[in-house]
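A short write-up of the structure that comes next.
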Amino acid sequence: MSISVTQVMVLLVTVIYITAPAIAMDAMQVFSRGVCVGAPNTLIMKNSEDCEDNTCKRREFGDDPYNVSVNCNISDRFDHAAEVFTYNYVVIEYYDQNTSCNSDNLTETDVYPGTRDCQVASTEGTSSVMVYLYTNGSVDVFFFKDDVCGGNSNFNFTLSGAEVANGDCIKGGYKVYTSYSLSATSSSSSGNTAVSQLGRNASSSSGIIASSSSNKGAVPVTTSKGSGVNIGAIAGVVAGVIVAVLLIVIGFLWYRRRSKRAKGSPSGGNKVTDGYATVTSPTTGQKSTDSDITDFSSSLGVGPRSLAGLWDDEAIATARIPREKLEIQQLISRGGYGEIYFGFFIGKCVAIKTLLPELRKSVKHVNGFLDEVRLLARLDHPRIVQFVGIAWNTLADLCFVLEYMEGGDLHALLATYEAQNFDTGFDKSKVTIALHVAHGLTYLHSLDPPVLHRDLKSKNILLSSELEAKITDFGTSRERGERTMTAGVGTSLWMAPEVMLGQRYDHKSDIFSFGVVLSELDQHKLPYSHAKGRKLPDTALLQMVALGTISVEFSSGTLESMVQLGKSCVAVDPDDRPTAAEALYQLQLILRQEL
């Protein structure tokens with residue numbers, strides 16, 4: 001049995017990792033933003049004599065203020081790094097100089113995100129660092145003598161993937177690990193195939209992992225043997241080409257037949273595009289009260305069946321960016337219809353969305369994916385997640401690119417607040433988040449024709465590192481039944497009564513969802529958590545919401561003006577709810593006069 005170079009590297013780092021003693025250390029997470037949530041800017045682990053656990057405290061590093069969270073007596077520094085950063089990070093171990101990196105001489109372990117941003121590297125505020133992590137496991141680390149990564153680097157590492165995997169002692173006193181090498185170690189030691197997490201993503205995502213655009217020549221991990229051509233890969237490519245040609249022919253014939261039917265079909269009734277009615281609902285047909293309102297989740301066009309069709313679509317063609325400029329790093333999340341990856345586009349952090357591998361040959365799903373792109377290309381507002389472009393070499397690797405929001409989503413922030421026993425109620429930062437969301441809704445509803453979001457919830461509100469909020473998720477998956485009470489209970493918790501009942505609705509349905517989000521901001525819990533304690537079935541709970549017999553709750557003793565706004569937003573009668581512009585005005589007054 002032959003063994004690939006990749007497997008040898010993984011076995012080497014496995015031996016190093018397993019035999020390394022677990023040294024107890026104290027861990028300090030450093031945040032530049034106002035709260036200690038999400039991934040920190042820096043994780044510093046070392047021994048101290050007077051460690052004291054704390055959830056979040058203000059601390060000065062030189063002349064700059066930071067928030068720090070401390071955990072004492074961390075037994076496994078590698079596991080803790082993975083828990084804090086999850087993916088895309090670099091671990092640097094510091095040893096007494098000229099000791100050959102003997103474990104007895106370990107003095108400090110620092111962990112930095114591989115986002116190529118400037119990060120603090122000293123608790124005195126006297127140094128900073130930039131980390132470049134590539135898809136082949138190689139890494140560049142640049143240290144600077146100031147806290148802003150200014151001027152030329154005074155110290156740096158430039159390491160190949162092999163040097164990292166081998167755990168080499170660098171410059172007599174440093175060891176460097178990456179999330180790639182450590183995840184490969186973890187999978188190998190648990191009996192899995194010896195490939196890194198990135199390699200697993202590459203093999204399961206139909207080739208969507210791009211190589212690095214740097215001069216590192218970074219490529220995805222493969223399992224080819226030796227330096228020769230992989231016969232299996234060639235066979236796969238040939239089979240893929242044959243399948244693609246057959247799909248194009250079938251799609252063309254289907255399109256011709258459908259076009260003939262469309263010419264002979266009478267007008268009127270529910271318009272159906274690609275098998276989807278543009279007016280659907282949980283129980284019957286949802287219908288807007290205004291025919292001029294654009295429902296972004298309805299089909300915006302028939303869409304292409306081939307690469308030529310993509311070029312014929314002006315909205316798609318003008319939004320295209322070079323696929324080879326995308327550097328896909330790590331899977332962030334996977335949903336029912338798509339995947340989100342963290343990556344880079346021309347050196348800038350981005351989020352990259354693709355369809356699930358099993359859906360990439362579905363004409364319906366590809367067209368729905370392109371519908372989202374057409375809508376995103378229209379939107380331009382600071383409170384809407386920015387659309388960067390769409391990229392493809394083939395229909396199978398079709399993806400679109402959005403700005404990366406390093407603060408994560410609002411749901412995760414509130415879950416952290418709940419876990420850390422943060423005070424409930426409304427403070428300035430929470431009301432500011434609500435203000436930002438209201439800005440985004442006001443923009444969407446003011447477009448001509450207006451755009452309804454219809455899936456506003458805390459998970460679809462993303463945050464920057466400074467807790468600036470933006471609305472996201474303009475997907476089309478809700479056409480397929482997620483609005484029904486049986487198939488979309490999670491989303492239905494934010495749904496307006498008129499939508500649940502299959503009645504006509506308008507932009508006020510988004511306002512109801514906004515009111516539910518306000519209750520989340522207040523209490524840090526999922527909607528109707530108080531009713532969940534009564535062991536109500538989800539369907540019964542939703543029926544009670546639709547009938548107005550139960551509603552979201554707000555904390556006692558919090559800002560009364562925010563409570564009144566929240567309650568007006570979740571009024572059962574849409575006419576009793578404010579518009580987005582009215583809610584925005586109220587929030588501006590509250591911030592100006594009460595906070």
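Numbered per the UniProt record's numbering, the sequence shown finishes at 595, counting up by one with no gaps.
Ideal Cβ positions, reconstructed from N, Cα and C, are used throughout, including at glycine.
Looking only at C-alpha atoms, which of the options sits nearest to residue i?
i, options, result
"Ser128", "Gly137, Arg116, Ser138, Val139", "Arg116"
"Val30", "Gln119, Asp76, Thr107", "Gln119"
"Lys470", "Asp409, Cys101, Leu536, Ser69", "Asp409"
"Arg334", "Cys51, Asp576, Cys349, Glu358", "Glu358"
"Lys122", "Gly338, Ala317, Arg454, Gly62", "Checking the sequence shown, residue 122 turns out to be Ser, not Lys. Nearest option by C-alpha distance: Gly62."
"Gln330", "Asp380, Ile384, Tyr404", "Tyr404"
"Glu406", "Glu339, Ser465, Thr178", "Ser465"
"Glu124", "Leu133, Asp64, Thr178", "Asp64"
"Asp448", "Leu379, Ile390, Pro537", "Leu379"
"Thr394", "Pro322, Val563, Ser103, Tyr443", "Pro322"
"Glu418", "Ala351, Ala24, Cys36", "Cys36"
"Asp371", "Ile390, Gln386, Lys525, Phe512", "Ile390"
"Glu163", "Val139, Ala82, Ile74, Cys149", "Val139"
"Arg454", "Tyr337, Val499, Ser75", "Val499"
"Gly151", "Ser513, Met130, Asp50", "Met130"
"Ile74", "His365, Ile44, Asn154", "Ile44"
"Ala81", "Ala377, Ala531, Met495, Tyr177", "Tyr177"
"Arg374", "Cys349, Ala351, Ala319", "Ala319"
Where do the ends of the beta strand (DSSP E) carrying residue i lie?
i, result
"Ala27", "25 to 31"
"Arg378", "Segment 363 to 378 is the alpha helix (DSSP H) holding Arg378; no beta strand (DSSP E) there."
"Ala82", "Per DSSP, Ala82 belongs to no beta strand (DSSP E); it is in the alpha helix (DSSP H), 77 to 85."
"Leu462", "461 to 463"
"Ile384", "No beta strand (DSSP E) holds Ile384; DSSP gives it neither H nor E."
"Leu402", "399 to 403"
"Val545", "Note, Val545: premise wrong, no beta strand (DSSP E); alpha helix (DSSP H) at 538 to 547."
"Ala469", "469 to 471"
"Val90", "89 to 95"
Give the range of the alpha helix (DSSP H) segment to which residue i is assigned.
i, result
"Asn47", "Element bounds for Asn47: n/a, residue is neither H nor E."
"Met495", "Where Met495 is concerned, there is no enclosing alpha helix (DSSP H), given that its DSSP letter is neither H nor E."
"Met130", "Unbroken run through Met130 is the beta strand (DSSP E), 128 to 133; no alpha helix (DSSP H)."
"Ser103", "That residue, Ser103, is in no alpha helix (DSSP H); it is neither H nor E in DSSP."
"Glu339", "Segment 338 to 345 is the beta strand (DSSP E) holding Glu339; no alpha helix (DSSP H) there."
"Asn166", "161 to 166"
"Ala571", "Where Ala571 is concerned, there is no enclosing alpha helix (DSSP H), given that its DSSP letter is neither H nor E."
"Ile316", "314 to 317"
Would DSSP call residue i helix, strand or coil?
i, result
"Pro450", "coil"
"Lys171", "coil"
"Asp295", "Reliability of the predicted coordinates at Asp295 is poor, the pLDDT of 45 falling under 50, and no value is obtained from them."
"Cys149", "coil"
"Gly440", "helix"
"Thr354", "strand"
"Phe422", "coil"
"Phe514", "helix"
"Glu327", "strand"
"Leu435", "helix"
"Ser477", "Caution is warranted here: a pLDDT of 34 is assigned to Ser477, below 50, making its placement in the model unreliable, and the coordinate value is therefore given only provisionally. Residue state, collapsed to three classes: helix."
"Asp63", "coil"
"Leu591", "helix"
"Gln503", "coil"
"Asn136", "coil"
"Arg577", "coil"
"Glu582", "helix"
"Lys508", "helix"
"Ser181", "helix"
"Tyr112", "strand"
"Ala39", "coil"
"Lys525", "coil"
"Lys430", "helix"
"Arg58", "strand"
"Ala194", "Note that Ala194 has pLDDT 31, beneath the 50 cutoff, so the model's placement of it is unreliable and the number below is only indicative. Coil, per DSSP."
"Val552", "coil"
"Ala391", "strand"
State the CB to CB distance for the pair residue i and residue j, rounded to an integer number of angstroms; the pair is presumed to be in contact (CB under 8 Å).
i, j, result
"Pro497", "Gly548", "7 Å"
"Ser519", "Glu553", "7 Å"
"Lys46", "Cys101", "The pair is not a contact, with the Cβ atoms about 16 Å apart (cut-off 8 Å)."
"Val431", "Met562", "7 Å"
"Phe426", "Asp522", "6 Å"
"Tyr89", "Thr107", "Actually they are not in contact, since the Cβ atoms of Tyr89 and Thr107 sit about 20 Å apart, beyond 8 Å."
"Ala580", "Thr442", "4 Å"
"Pro527", "Leu559", "Actually they are not in contact, since the Cβ atoms of Pro527 and Leu559 sit about 19 Å apart, beyond 8 Å."
"Lys508", "Pro574", "4 Å"
Does the ligand COA have even one heavy atom less than 7 Å from the beta-carbon of residue i?
i, result
"Cys169", "Because no ligand of any kind appears in the structure shown, any question about the ligand COA cannot be addressed here."
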